[in-house]
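Each number in the numbering used here corresponds to the 1-based position in the sequence shown with 865 added.
Quick reminder that beta carbons are idealized off the backbone N, C-alpha and C, glycines included.
Only a predicted model underlies this, so the values are computations on that prediction, with no experimental measurement involved.
A quick write-up on the structure given underneath.
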Amino acid sequence: MADLILFNANVITMDPLYPKAEGVLIKNGKILSATTIDALKKWDRMKATTIDCKGKTVLPGFIDAHLHLYALAESHVTLNLEPDHNVRSISDIQNKIREYSQTLPSEAWLRGRGYNEFSLAEKRHPNRWDLDQITSTHPIKLTHRTGHAHVLNSLALKKVGISSETPDPPDGLIDRDVNTGEPTGLLYRMGDFLAKRIPPLESDQLDQGMRIANEELLSMGITSVQDASSHNGIEQWKMFCHWKEKGLLKPRLTMMLGTEGFSVYRREDFEPKMDESQLDLGGVKIILDETTGLLRPSQSELNQMVLKIHHAGFQACLHAVEEKVVDAAYSAIEYALKKLPKSDHRHRIEHCSVCPPSLAERLAALGIMVVTQPPFIYYNGDRYLRTVPPEGLKHLYPIKTLLKRGVQVAASSDCPIIPADPLMGIYAAATRMTETGQMFLPEEKITLEEALRMYGETAAKATFDDAMKGSISPGKLADVVVLNGDPTKVPMNEIRDIKVEMTILNGEVVWEKS
Ligand SMILES: [Zn+2]
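Now the structure itself:
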């Protein structure tokens, strides 16, 4: 007996055993079966809730394998300085801050985010002196669109203890005036440093941000997310538990741990009071970086870190963008596997943005997964074409190459850096079109089927959840999305216009188009 029946539907199950169906039977939050009209007739509809899909397309719920929920929640309750919010110059930023500061109590932290120096007339980051002109009573923190740089005003620098005497922290960089050595207010890769020194948003504000983020994710058909924030630890775990318990966060969540969080993990209580299909621990995130010319952490440090994670039975999730850094990530995993061979480790490289075929082959040989961001092709492709040197450009987000060599590739958005919309990601992966309609490495186009799988089964694999998620198959979790168009049938350029009509999670309608 089913408790929810979807009928009159164009069901794309993503299950190779029976790829198409006309209805879905759901019971106790699980899929009973995807089935035909004739078989549906046998079911007792009186005892079930029925939904007439009116011929619309039903797919497995989308999975985003790498995003940042706290930052997403925060982004909804902080000042938006993205270019499409009429921010075209530093004086636009100043005006927005002036206006916003009047809504805040004096001395409250003023937070802005999303500015993009390429879109500003001055083509540079704002600095402390630009911000000091607006207010001396509010400490200000602006977050760059990538989340990897921040700008503080003088008051804020003082509050977090940064002066001309402060040395650069191990992974960060304090930008300084070349003549005076004074910090300019611009800080690179110091998000974790700042998080420890700047009071968090009030919890009711954050709850409000999460409420909006939750609606946004569900409206995009996203039923599972993986949080990849490198500062994740017990505090973030508790916050996610709180959001889950309050019903503010519906999508299923797997939280990666940061390296610090990983070291306290054994000593602390990371047990949620709920079903682990709702909230679970994932791998351990390490950020690899070589912007200063030197790899950080060093190869030998990295090898030991990955070995420790591997030894503890966790997945290593290595943030690596440039080819040399991806190679270093590969070497660290190779080192761990030599010390302690394991076949199904599913260690992951996050981004793996530049990857020539020879490196892709080596990743495949070791069974290393890649978590890529297809929407970057659309949102950032024009900038890549303008600014990335030809050597790097030819292997940038090479999704086809990775798949062809046998790498398992999962899709994600890195939201809030760009919007999470999976249909945009699917469109970008299948067409390689940028925002202005330029082609970005058309030879790296993948099929629609492959693009859907990256947001389904392979994204589920990236957290060992493929037995429960990623297809509409008997026994799997009843997470499905109803779309107003069939992405496998509409012309390619219309995929991004397809809208989600309904999102079902755990057999319950959690979002519906109004
Ligand atoms: Zn990220």
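Determine the closest residue to residue i out of the options, with distance taken between C-alpha atoms.
i: GLN998; options: LEU1007, ASN1018, LYS988 and HIS990; result: ASN1018
i: VAL1235; options: LEU944, THR1002, ARG1270 and PHE1058; result: ARG1270
i: SER1379; options: THR914, SER1084 and ALA1332; result: SER1084
i: ALA1230; options: SER1218, HIS1212 and GLY894; result: HIS1212
i: SER1196; options: LEU1172, SER1218, SER1208 and HIS1176; result: LEU1172
i: ALA1327; options: GLN1180, LEU1261, ILE870 and GLU1187; result: GLN1180
i: CYS1280; options: GLY1302, THR1312, LEU1268 and GLN1238; result: GLN1238
i: LEU996; options: TYR965, ARG1076, MET1298 and VAL1253; result: TYR965
i: ARG1131; options: GLY1098, LYS1111 and LEU1261; result: GLY1098
i: LEU932; options: SER1089, ARG1041 and ILE1337; result: SER1089
i: ILE1380; options: LEU1370, ASN981 and ALA938; result: Here the chain covers residues 866 to 1379 and nothing more, so residue 1380 does not appear.
i: GLY1012; options: SER1001, SER1094 and ALA1078; result: SER1094
i: LEU1306; options: SER1278, ALA1201, PRO1255 and PHE1127; result: PRO1255
Should residue i be counted as a contact of ligand 1 given a C-beta to heavy atom distance under 7 Å?
i: ASP1279; result: yes
i: ALA1229; result: no
i: ALA930; result: no
i: ALA1093; result: yes
i: HIS933; result: yes
Are residue i and residue j close, meaning C-beta to C-beta below 8 Å?
i: GLY1147; j: THR1119; result: yes
i: LEU1007; j: PRO991; result: yes
i: PRO1048; j: SER1068; result: no
i: ILE1283; j: PRO1222; result: no
i: ALA920; j: ASN875; result: Sequence check: residue 920 is Gly here, not Ala. Contact flag set, yes.
i: GLU1314; j: GLY1335; result: no
i: TYR1292; j: ARG1248; result: no
i: TYR1320; j: ALA1285; result: no
i: GLY894; j: LEU1342; result: yes
i: ARG989; j: SER940; result: no
i: ILE1264; j: ALA1294; result: yes
i: GLN1164; j: ALA1194; result: no
i: VAL1016; j: LEU1051; result: yes
i: HIS1216; j: ALA1185; result: yes
i: ASN1349; j: GLU1377; result: no
i: SER1208; j: TYR1262; result: no
i: ILE1233; j: ASP880; result: no
i: LEU1113; j: PHE1105; result: no
i: PRO1109; j: GLN1143; result: Note on residue identity: the sequence assigns Lys, not Pro, to residue 1109. Yes, the pair counts as a contact, with Cβ atoms nearer than the cut-off.
i: THR922; j: ASP1344; result: no
i: HIS1175; j: LEU1205; result: yes
i: HIS1096; j: ALA1060; result: yes
i: THR1312; j: TYR1243; result: no
i: ALA899; j: THR878; result: yes
i: PRO1339; j: ILE896; result: yes
i: VAL942; j: GLY1056; result: no
i: GLY1372; j: ILE891; result: yes
According to DSSP, is residue i part of a helix, a strand, or is it coil?
i: HIS1242; result: Reading off the sequence, residue 1242 comes out as Ile, not His. Three-state DSSP puts ILE1242 in a helix.
i: CYS1182; result: strand
i: PHE1305; result: coil
i: THR915; result: strand
i: TYR1320; result: coil
i: LYS1334; result: coil
i: GLY1086; result: coil
i: TRP994; result: helix
i: ASP1072; result: helix
i: ALA1325; result: helix
i: ARG976; result: strand
i: TYR965; result: helix
i: ILE1039; result: strand
i: PHE1135; result: coil
i: PRO1281; result: coil
i: VAL1190; result: helix
i: TYR1130; result: helix
i: ILE902; result: helix
i: TRP1108; result: helix
i: HIS1176; result: helix
i: TRP908; result: coil
i: VAL1253; result: coil
i: TYR1053; result: strand
i: THR1237; result: strand
i: GLY1148; result: strand
i: PRO948; result: helix
i: PRO1034; result: coil
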